[in-house]
Amino acid sequence: MKKLLTAALFSVSCVIAAPVSAIDDLHEYKGGASGVSGNLSSVGSDTMNNLMTLWAEEFKKFYPNVNIQIQGAGSSTAPPALTEGTAHTGPMSRSMKPGEIEAFEKKFGYPPTEVRVAIDALAVYVHKDNPLDGLTIQQVDAIFSSTRKCGGAEDIIKWGQVGLKGSLAEQSIQLFGRNSVSGTYGYFKEHALCKGDFKNNVNEQPGSASVVQSISASLNGIGYSGIGYLTSGVKVLAISPKTGASTVPALVGDGADKYKNVISGTYPLSRFLYVYVNKDPSKPLSPLVKEFLTMMLSKEGQAVVQKDGYVPLPISVVEKELAKLK
């Protein structure tokens, strides 16, 4: 389990350990590229559905005649859509699995191009009136998983088992989550359940927003969703990577340091968000796809990321991703 959690933190923190540049340090997107016209289809992550919609709206300010269609049924729908040619972009809240990459390579002879477009924290939510402030990864696993591969000593089914007193102590915990098509489901399974199995009483919701909405309506509820879906009806629990370690909040106040634990990787459920595209190494991307991605990675595009409740990429990452588009 220790190796798994270390890898999860390393994947985000290793590339953004340097001081994080402000959005203002990123390049401005000015539009005006030739050949940008027609239709663009995007199929993939539900978590990123709103973000993709906002990006599309921003892009149309520069190219009003472009038509962008967005479907957000879940990250697992992106790889087949790219492979079958029914989508130009495949937003995903997780990396592609080896089998998904292999299927794409088998058809095209080269792998899909992965572009990091934002940083997210996967949050564990409870009702706003729940007095609980934090959990260890082992406790999260024991609440959601039937296998407890993270090392929890016992199955956790009541709030009293995580220290709550009074009327809530004997109340059964009500679980909310996503379905297996979701990249958020896959990420949570790998990093919070140590690749274990979910309990069969998790109330699977069709989207990220509905998970949070369900928890806000249930005092006994707990669930997981992206930090961008935080509302006033719920609160985010601080998470400890292991028993005995201090819990780490995903958010710190409302100032400039709000996302410092996510950016540094000390919050154990930090992750990148991706957009995958089909780029033949011997040919340039189509102007439409290239410019849409370039806009996402610009000052204007990353301002949209921040507006939607996610964490903008530092300039060091942006420069690496822009190089992939050439």
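Under mature numbering (1 follows the signal peptide of the UniProt record, and there is no 0), read the sequence shown as residues -22 to -1, 1 to 304, first letter to last.
No residue lacks a Cβ here, since even glycine has one placed at the ideal position from N, Cα and C.
Asked, Found
"From N178, I46, G129, G233, pick the residue whose C-alpha is nearest to that of S21; which is it?", "In the sequence as displayed, the identity of residue 21 is Val instead of Ser. Among N178, I46, G129, G233, the Cα nearest to that of V21 is on I46."
"Where does Q183 land, buried or exposed, given buried means 16+ other C-beta within 10 angstroms?", "buried"
"What's the C-alpha gap between G50 and K257?", "22 Å"
"For F270 and P69, I'd like the C-alpha separation in whole angstroms.", "13 Å"
"Might you give, ordered along the chain, the residues of its own chain that have their beta carbon closer than 6 Å to the beta carbon of N17, omitting 5 neighbours on each side?", "N45"
"So, do the stretch 186 to 197 and the stretch 100 to 118 have three or more beta carbon pairs nearer to each other than 8 Å?", "yes"
"Express the C-alpha separation of D107 and G59 in angstroms, rounding to a whole number.", "Residue identity check: residue 59 is Ala in the sequence provided, not Gly. The alpha-carbon atoms of A59 and D107 are separated by roughly 42 Å."
"What whole-angstrom Cβ distance do V240 and I97 have, given they're in contact under 8 Å?", "6 Å"
"Could you check where the alpha helix (DSSP H) with M30 kicks off and where it finishes?", "27 to 40"
"Where does A234 land, buried or exposed, given buried means 16+ other C-beta within 10 angstroms?", "exposed"
"According to DSSP, what are the bridge partners of Q191?", "DSSP output for Q191 lists no bridge partner at all."
"So the candidates are M26, K213, E148, K285; which of them puts its Cα closest to the Cα of G161?", "M26"
"Going by Cα to Cα distance, which pick from W137, F122, V214 is closest to H169?", "F122"
"Just checking my contact of G201 with G155 at CB under 8 Å: how many whole Å lie between their CB atoms?", "6 Å"
"State buried or exposed for Y88, treating a residue as buried only when at least 16 other CB atoms are found within 10 Å of its CB.", "exposed"
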